[in-house]
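**Student:**
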Amino acid sequence: MGSTFWKRSSLISIGIALFLVVMAVLVNLTSLSQYTWLRVLFGVSALNFTLRASIPLVLGALSGILCERSGIINIGIEGMMLAGAFAGFVAKTNTNHWPLMSSLIFSVLIALAVGGLMGLLHAILSIRFRMDQIISGTVIIILAAGTSSYLYDRDAIAQGKFSSVAIPGLSDIPVIGPVLFDNPPLTYLALLLVVVVHVALFYTRWGLRTRAVGEHPRAADTVGINVNRYRYVNTSIGGMLAGLAGGYLVLEAVGQFQEGMTAGRGFISLAAMIFGNWNPFGALGAATLFGYTQALQNELLLAGVTNVPRQFISMLPYIVTIVAVSGFVGRVRPPAAEGKVYETEGGTE
Amino acid sequence: MEQIPVLEARNITKRFPGVIANQNVNLTLYRGEILALLGENGAGKSTLMNIIYGLYQPTEGEILVNGKPVQMRSPKDAIALGIGMVHQHFQLVPVMTVVDNVMLGSESVRCAFLNREAAAARITELSERYNMAMDPYALVEDLPVGVRQRVEIIKALYRQADILILDEPTAVLTPQEIEGLFAVMDLLRGQGKSIIFITHKLKEVLRVADRIGVLRRGQVVGEADPKTATQSSLASLMVGREVILEVEKSDAHPGKAVLEISDLRATTDLGDTALAGVSLTVHAGEIVGVAGVQGNGQTELVEVLTGLRTAKSGTIRIGGQGMTNASPRRITEEGQSCHIPEDRHAFGMVDGYPITDNLVLNTYYQSPFARGITVNRPAIEANAAALVEKFDVRTPSVHLSGGSLSGGNQQKMVVAREFSRPIQLLIAAQPTRGIDVGSIEFIHQQIVAKRDEGVAVVLVSSELDEILALSDRIAVMYKGEIIDIVDRDDATREGLGLLMAGVKEA
Ligand SMILES: Nc1ncnc2c1ncn2[C@@H]1O[C@H](COP(=O)(O)OP(=O)(O)O)[C@@H](O)[C@H]1O
Ligand SMILES: [Mg+2]
């Protein structure tokens, strides 16, 4: 089983995440902490920021993995995320009078549902209407951006957001505790989902069939698997995860909605998915790297690094993304049937 | 005693847009027999089998299993009825293991998780029972073609198939592997399984079948008894007229060396070694056949020779000029060489262009077809009219798209274009793959005619019969190397088969 999981680029991603943790432990617990620049680079605050920045990327990448593993290219994650964010916000503003927790949970469910509907729309456009999947994804992005900005009520205010829940015992571990075990619920959920998606993809019937459908749909068809049904279901679940990423932004990270607030995170998620070689853990590592570059930007500004223009530091995440995706990690291999319409009697094979 | 057929197809008709693939086909299969279904490429064999397997829905007609009419909406229904099929193009996911491929769709599951151990144990048991060794945890992409085929057979047996359809299973095997397959088929028949064995190779049919059915242009044109039928009687039944099974050619008179390849090395797109030091010299007026199981570097060799792939090292000289990593245009112009590509749709023609334009793809920029920056339509049309006539390309009009021609006529069009300028070297890759017998005969004659004019010919083919029929010398490729070169007169099928499997006698 190993070979599908431990591809080189996954290893690199996971290595990056481990490197950060080890450095953080060393820098914070040993005499290395006397060096200011090390504290800037690997302090608890940098790591906290990293995690917060990477959660939406992780969820977005998982969304992409579910769709693409079944053969549907999902370039519309950005749009599904934005739709989820906006839906979560509208739900929250309309339930401000409810008890906080029920209002938040309700809003998360709405974000999931709207993301799922966007995924379903993408599936219908690309399967039923055989639209080019890149175009269909673009339609999703434009639809979400246009609708959310048209319907956005500037006076609406969401009251309250998810707050941190320290896990007893674990959160007392030095360095790792405050970074990993003292977070709001959606963060835990996202990390849990990485494990769930991994296990589901590689150790369940559903996962085996999903991967077969994305690699060689005709082979799946010849053993009686309904190819397009798997694609509909996966793309819809993928949409839900992207919607959850949007919900995270509004209901846990920021607390409010802003127009275009996803700000390219959907695309960086795609990069994380590719960098992680379509594997959940690989994507987690890649998302951590991208999140870290965003954290760095923040930490360097806070530490008063002014001799580098701010704009250059802001470019960091994108530069890392480009380098990562341009084959620097060696060859990644997308699902073979990605982007192709499947019809049983189509073609002369 | 009247026996009930395990499988019966009655009056099956299948229409695709513009094609009738099967027309009123009837077929019966009895328990414990091997029924061979013979037919040319395009005769409708695969379509009929896909209908029996529930993958395609028949336009008309019905299927009976054990005497009862059945409705099959998808392969799931066929599998439930005990029908298994090994497809012409293997239906295996390359990046998955044997276990995953075999159990896909019929997974064994324990508390919601895949139970790979249980499935692997079944596979091992089946592979021992039927004498088809395999490692359940090997990745399919790492397996040789012969083993992949066994995986396909195991896949059907895993689902407890009693009726086994084998669609052109021998096309991709070496002669020795074919013998192995026949032994397995015998074993299966002995256990009461019924087999439909599809092929277009006559020898094989006579060797294993209990009964023979012949399909031509979608219709069953006859049955034959392997005890009384001969290769030529089957051939004329299959093609509908007398066919000459041998290509007529005189002895070769090789001249000076035209193509000189020395220690050529190249990699596949994925960076794996494809050519591991190939050296070969081809002289004017001889045909050198390059034999080998598909995927042993033949494709890459042709690509490097035609300028479509870069060589990592080594040299190529054509007519004495260095042509290593030269551009395709330089190779065609200065090297005076031409190329009949393996995949005509990708490299040989533009499906959407009219025949007229397809016939000048290699000369459109030259006089008389180009006048400054414009094209000379009348010259292009005159050229097309002449070539279509000379090369027997059958079409109602030269203005129809190349893609609308039948496979054989498309290939004749490609050959016509490539032969329309002076050449000293011909590189023909699988020149008759998937085309009708008439066109095969024609193209073979044209290749021999070029040889007799003094052209050096490299013929790459995975059909041993074609290699044996045309070549003057035969080079066998194995794992990116030419493992041996033998004279046609010294070559035997068995000897070549062993070489193709990498076995070289001292
Ligand atoms: N899916 C399809 N769509 C349209 N035409 C098809 C399809 N499959 C087969 N055909 C056509 O039906 C005919 C029979 O094809 P096939 O059954 O594959 O022949 P065989 O297996 O005997 O070589 C051919 O003319 C082929 O082009
Ligand atoms: Mg066929």
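In the order they appear, the protein sequences are chains A and B.
Counted the way my numbering counts, the first sequence spans residues 174 to 522.
Counted the way my numbering counts, the second sequence spans residues 568 to 1073.
Think of the CB as a built atom: it goes at the ideal place given N, C-alpha and C, for glycine as much as any other residue.
1. Give the straight-line distance between the Cα atoms of residue 664 of chain B and residue 629 of chain B, rounded to the nearest whole angstrom.
2. Would you kindly work out how many angstroms separate the C-alpha atoms of residue 522 of chain A and residue 656 of chain B, rounded to a whole number?
3. Residues of chain B with CB under 7 angstroms from residue 381 of chain A, in chain order?
4. Would you call the CB atoms of residue 419 of chain A and residue 284 of chain A closer than 8 angstroms?
5. Who are the Cβ neighbours of residue 1001 of chain B in its own chain at under 6 angstroms, not counting the five residues just before and after it?
6. Can you tell me whether DSSP reads residue 454 of chain A as helix, strand or coil?
7. Measuring only from the beta carbon, is residue 771 of chain B closer than 7 angstroms to any heavy atom that is part of ligand 1?
8. When you compare the CB positions of residue 651 of chain B and residue 723 of chain B, do they come within less than 8 angstroms of one another, or not?
9. Less than 8 angstroms between the C-beta atoms of residue 375 of chain A and residue 186 of chain A, yes or no?
10. Give me the residue from A:253, A:451 and A:188 with the minimum Cα distance to residue 290 of chain A.
11. Select from the segment 1009–1020 of chain B all residues with a C-beta closer than 8 angstroms to any C-beta belonging to chain A, and list them in chain order.
12. Tell me, please, whether the segment 790–805 of chain B touches the segment 625–643 of chain B by the rule of three or more beta-carbon pairs shorter than 8 angstroms.
13. What runs of the beta strand (DSSP E), each 3 residues or longer, lie entirely inside the segment 314–360 of chain A?
14. Any idea if residue 877 of chain B is buried or exposed, counting beta-carbon neighbours within 10 angstroms, 16 or more meaning buried?
15. Straight-line CA distance for residue 643 of chain B to residue 492 of chain A?
16. Does any C-beta atom of chain A lie closer than 8 angstroms to the C-beta of residue 646 of chain B?
17. Go through the segment 410–456 of chain A residue by residue and report every complete run of the alpha helix (DSSP H) that reaches 4 residues or more, in order.
18. Does any heavy atom of ligand 2 sit closer than 7 angstroms to the C-beta of residue 1003 of chain B?
19. Can you check whether the CB of residue 978 of chain B is closer than 8 angstroms to the CB of residue 934 of chain B?
20. Measure the CB-CB distance between residue 454 of chain A and residue 367 of chain A and report whether it falls below 8 angstroms.
21. Checking contacts by CB at 8 angstroms: is residue 642 of chain B closer than that to chain A?
22. Counting only runs that start and end within the segment 818–905 of chain B, where is the beta strand (DSSP E) found for 3 or more residues in a row?
23. Take residue 715 of chain B and list the residues in its own chain whose beta-carbon comes closer than 8 angstroms to its own, dropping the five residues that flank it on each side.
24. Helix, strand or coil for residue 960 of chain B, going by three-state DSSP, please let me know.
25. Which chain B residues are close to residue 393 of chain A, counting only those with a beta carbon under 9 angstroms from its beta carbon?
26. Counting only C-beta atoms, is residue 385 of chain A closer than 8 angstroms to chain B at any point?
27. May I ask you to list, following chain order, the residues of the segment 600–628 of chain B that have a beta carbon less than 7 angstroms from some beta carbon of chain A?
28. Do you know how far the Cα of residue 221 of chain A is from the Cα of residue 473 of chain A?
29. Out of B:577, B:940, B:951 and B:993, which has the shortest C-alpha to C-alpha gap to residue 980 of chain B?
30. What do you get for residue 451 of chain A, buried or exposed, if any count of 16 or more other CB atoms within 10 angstroms of its CB means buried?
31. Enumerated in chain order, which unbroken segments of the alpha helix (DSSP H) with a length of 4 residues or greater are wholly contained in the segment 915–959 of chain B?
32. How would you label residue 360 of chain A, buried or exposed, when you count the other beta carbons within 10 angstroms and need 16 or more for buried?
33. Using a Cβ-Cβ cutoff of less than 7 angstroms, which residues in the same chain neighbour residue 816 of chain B once the five nearest sequence positions on both sides are dropped?
34. When the Cα atoms are used, what is the spatial distance from residue 178 of chain A to residue 381 of chain A?
35. Within the same chain, show all residues whose beta-carbon is closer than 7 angstroms to that of residue 834 of chain B, passing over the 5 residues directly before and after it, in chain order.
36. Just mark residue 838 of chain B as buried or exposed, buried being the case when its beta carbon has 16 or more other beta carbons within 10 Å.
**Tutor:** Quick answer:
1. 37 angstroms
2. Caution is warranted here: a pLDDT of 41 is assigned to residue 522 of chain A, below 50, making its placement in the model unreliable, and no coordinate value can be reported.
3. 667, 671, 674 and 681
4. yes
5. 608 and 974
6. helix
7. no
8. yes
9. no
10. A:253
11. none
12. no
13. none
14. exposed
15. 49 angstroms
16. yes
17. 438–448
18. no
19. no
20. yes
21. yes
22. 824–834, 840–850, 854–858 and 880–885
23. 657, 659 and 707
24. coil
25. 658, 660, 671 and 672
26. yes
27. 622 and 623
28. 15 angstroms
29. B:951
30. buried
31. 922–925 and 944–957
32. buried
33. 1015
34. Because the pLDDT of residue 178 of chain A is 45, which lies under 50, any placement of that residue in the model is unreliable, and the number read from its coordinates should be weighed accordingly. Computed Cα separation, rounded: 13 angstroms.
35. 840, 841 and 879
36. exposed
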